[in-house]
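FYI, the numbering for the sequence shown is 6 to 179, going by our numbering. Think of the CB as a built atom: it goes at the ideal place given N, C-alpha and C, for glycine as much as any other residue. Contents: one structure, followed by commentary.
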Amino acid sequence: MEFITVSQYAELHNLSERTVRNWCSEGKMDGAFLSGKTWIIPADTPLPRKGKRRVSPLMKRLREEKAGKMSGGIYHRTQIDLTYNSNHIEGSRLTHEQTRYIFETNTIGITDESVNVDDIVETTNHFRCIDLIIDRAEERISESFIKELHHTLKTGTSDSRKDWFNVGDYKKLP
């Protein structure tokens, strides 16, 4: 096992030496030990996890309403409004009312105009993305989570059948 000093660990992780020494003295650095007056740290020691984040009252309420399948609450409104506005920015032709109907009944209403299937699929996928975000709100945002959201959003759309689109990853331009 390779060991490094506080200054080496601090430089490696772009931290102050004081922070690293404090973590060592608080027992947050697994395997770290004092050699005289110098802390010695295993080179592969990960950064200590921060204390568990407190769940906000809003997030708690969103989760309760989601679990209870409550209609008309904050969760219900968030799903419909966020999905409608996000999809509308991207060019979806679904109305707010159609988006609400899809969320509430998981069906599309009978309409005189034609409706793009991709708009419907992306709308239902968007509801799943919002659920994922609510479920994992305390986690750090990472590249892999963004890719997971992209994969969830685009699965089953015409874009997913394009080789260069690369659902859930970076696009491969032709």
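L87 sits close to I135, with the two beta carbons spaced by under 8 Å. Taking 8 Å as the cut-off, the beta carbon of R66 is found closer than this to the beta carbon of I79. Taking a cut-off of 8 Å on C-beta distances, the region 136 to 150 does not touch the region 111 to 118, as fewer than three cross pairs fall below it. Separation of G161 and V126 (C-alpha to C-alpha, rounded to the nearest whole angstrom) is 7 Å. Approximately 4 Å separates the beta-carbon atoms of A48 and E7; this is inside 8 Å, confirming the contact. A distance below 7 Å between beta-carbons, with the five flanking residues on each side excluded, links Y14 to the following residues of its chain, in chain order: V25, I46. Closest in alpha carbon position to V120, among W169, K159, S97, is S97.
If you look at L99, you'll find it isn't in any beta strand (DSSP E); DSSP assigns it neither H nor E. Restricted to the region 16 to 56, the alpha helix (DSSP H) segments that are unbroken, complete and at least 4 residues in length are 22 to 30, listed in chain order. For the pair T50 and M34, the CB atoms are nearer than the 8 Å cut-off.
One thing to note: T104 has its Cβ no nearer than 8 Å to the Cβ of N130. Around the beta carbon of I151, fewer than 16 other beta carbons sit within 10 angstroms, so the residue counts as exposed.
As the crow flies, the alpha-carbon of T110 is around 22 Å from that of I138.
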